[in-house]
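Reviewing the structure listed below.
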Amino acid sequence: MSSLPTYETLKLSQPKPHVTLVELNRSSKLNAMNKQLFDELKVCFEQLNTEKSCRAIVLTGSGKAFSTGIDVKYLSGVSVNELGEIDDVARKALHVRRMIQSTQASLRSVDKCEKPVIAAIHGHCIGAGVDLSACCDIRYSARDTTFSIKEVDIGLAADVGTLQILPKSITNHSIFRELVYTSRTFNSDEAQQIGLIGRIFDTREAVLEAAISLASVIARKSPVAVQGSKINLNYARDHTVDDNFLFASAWNSSMLMTEDIIKGVMASAVSKDKSNKDAISEIKFEDI
């Protein structure tokens, strides 16, 4: 990426080759999400989706928190300034529906991005912060992170990721439903117990370093294989087994012709020689 785009609510950097670090950049608000952040998040991930030099993404929050959810000031403004001007109930409902779908599209841009996204979570991960993490492929957390699926406490059902994506991957639905219905806080150990996060690290620095290191490993693999794997995994999550096999056969009928396979097979053969055990990791794959 020759020059990184600039945003007011996001900060982008390249800590490793082909790795993009995206930081939520409202640290003074504990990265609470307002309309501008939602809008910029969508633009950012749609751009990264087609950015050739980006192969893996780490998503984190600047300052003391991953995210404390939707900015209350933003929600209050919508209620007072926008909905307050609409008298008709049906028109008010249509306006709210459009607003929800716009927010869903912002977070879904992370899920739909064909590059793997690793969440590096620390501090607080609350409400929409959990929704955002749900849209990531891999979730790492600092040990001191406090989680809460907060929506029930403010009178609504989570509608931008937590209840739509996580049930497909959660390993303990009994505790997960308890957390949803009560909004109680829980720590990183319990988050790992239910399958919300994969690994726990002692500090924010450690979790960020681990996430970047993992992203760097992924970025050295064939981008055809990695991005194809994410596309197939997301499709499998949302379809039947029979549908998944049909999709995979159609996908690989063209993808199997990539030169990356030849490079991988040759490197595997070379790596069997003990003196060349790192041959696979040294393959240079072209951007796509």
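The sequence shown runs 91 to 378 under my numbering. Where is the CB? At the ideal position from N, CA and C, for every residue including glycine. This structure is a prediction, so every number in the text was calculated from the model and none was measured.
Under DSSP, the alpha helix (DSSP H) around residue i begins and ends at which residues?
i	result
Pro200	For the record, residue 200 in the displayed sequence is Val; it is not Pro. Looking at the DSSP string, the run of the alpha helix (DSSP H) that includes Val200 is 179-202.
Lys125	125-140
Arg294	294-309
Lys106	Here Lys106 belongs to no alpha helix (DSSP H); instead the beta strand (DSSP E) covers 100-106.
Arg313	Looking at the sequence provided, one finds Pro at residue 313 rather than Arg. Element bounds for Pro313: 313-328.
Ala122	Per DSSP, Ala122 belongs to no alpha helix (DSSP H) and is neither H nor E.
Phe375	Element bounds for Phe375: n/a, residue is neither H nor E.
Met345	331-345
With distances taken from CA atoms, which of the options is nearest residue i?
i	options	result
Cys134	Ser157, Lys106, Leu100, Tyr164	Leu100
Val220	Lys202, Ile302, Gly245, Pro257	Pro257
Ser118	Ser306, Arg188, Phe156, Thr140	Phe156
Val314	Phe291, Met347, Asn115, Arg267	Met347
Tyr164	Glu299, Leu269, Arg198, Asn121	Asn121
Asp227	Lys182, Lys205, Ser339	Lys205
Ile302	Gly245, Asp178, Ile211, Ile352	Ile211
Ala247	Tyr271, Ser264, Asp234	Tyr271
Ala309	Asn334, Phe375, Gly354, Ala281	Phe375
Val148	Lys182, Phe291, Thr110, Thr140	Thr110
Phe128	Ile378, Asn324, Arg198	Arg198
Glu349	Phe237, Ile378, Glu175	Ile378
Ile255	Leu138, Arg327, His185	Arg327
Ala305	Glu113, Arg116, Ala146	Ala146
Phe266	Leu323, Cys144, Ser238	Ser238
Val297	Lys142, Thr150, Leu184	Thr150
Thr252	Gly245, Thr293, Ala232, Gln194	Gln194
Asn322	Lys311, Val307, Ser339	Ser339
Ile373	Trp341, Ser343, Thr330, Ser312	Ser312
Val316	Ala300, Asn342, Ser196	Asn342
Ala345	Gly354, Gly318, Arg188, Leu102	The sequence given here has Met at residue 345, not Ala. Met345 has its Cα closest to that of Gly318, out of Gly354, Gly318, Arg188, Leu102.
Lys106	Glu136, His329, Arg188, Ala300	Ala300
Ile244	Val307, Arg181, Lys142, Val162	Val162
What does DSSP give as the partner residues of residue i in its beta bridges?
i	result
Tyr164	Answer by DSSP bridge pairing: none, since Tyr164 is not bridged.
Cys226	Its beta-bridge partners do not exist; DSSP assigns none.
Phe55	Outside the shown range of the chain, which is 91 to 378, sits residue 55, and nothing can be said about it.
Ile211	Ser231
Ser157	Cys215
Please go through the same chain and pick out, in chain order, the residues whose beta-carbon is closer than 6 Å to the beta-carbon of residue i, but skip the five residues on each side of it.
i	result
Arg289	Tyr230
Asp201	Cys225
Thr158	Leu120, Ala122, His214, Ile216
Ala379	Since the first and last residues shown for the chain are 91 and 378, residue 379 lies out of range.
Ser152	Glu113, Asn115, Ser117
Val242	Ser273
Ile260	Phe266, Ile284, Gly285
Ile287	Arg229, Ser231, Ala281
Arg294	His212, Ala232
Ala209	Leu149, Ser223, Cys226, Arg229
Ser196	Phe128, Leu131, Lys132
Lys353	Ile373
In the DSSP assignment, the beta strand (DSSP E) including residue i goes from what residue to what residue?
i	result
Gly151	146-151
Phe291	289-291
Leu111	109-114
By Cβ distance below 8 Å, which residues in the same chain neighbour residue i in space, the five residues on each side in sequence not counted?
i	result
Lys320	Glu204, Lys205, Pro206, Asp227
Thr235	Phe156, Ile211, His212, Gly213, His214, Cys215, Asn277, Ser278, Ala281
Ile190	Asp249, Val250
Gln104	Met91, Leu94, Thr110, Leu111
Asn262	Gln283, Ile284, Gly285
His329	Phe337
From the beta carbon of residue i, is the nearest beta carbon of chain B less than 8 Å away?
i	result
Gly245	Protein chains in the displayed structure number just one, and chain B is not present.
Residues in its own chain within less than 7 Å of residue i by CB, not counting five upstream and five downstream?
i	result
Cys144	Met91, His108, Thr110, Leu138, Lys205
Tyr325	Asn334, Phe337
Tyr97	Glu130, Cys134
Leu269	Ile239, Phe276
Lys125	Tyr164
Q) Which ranges does the beta strand (DSSP E) cover as unbroken runs of at least 3 residues, wholly within the stretch 230-256, from first to last along the chain? A) With a minimum length of 3 residues, the unbroken runs of beta strand (DSSP E) contained wholly in the stretch 230-256 fall at 236-238.
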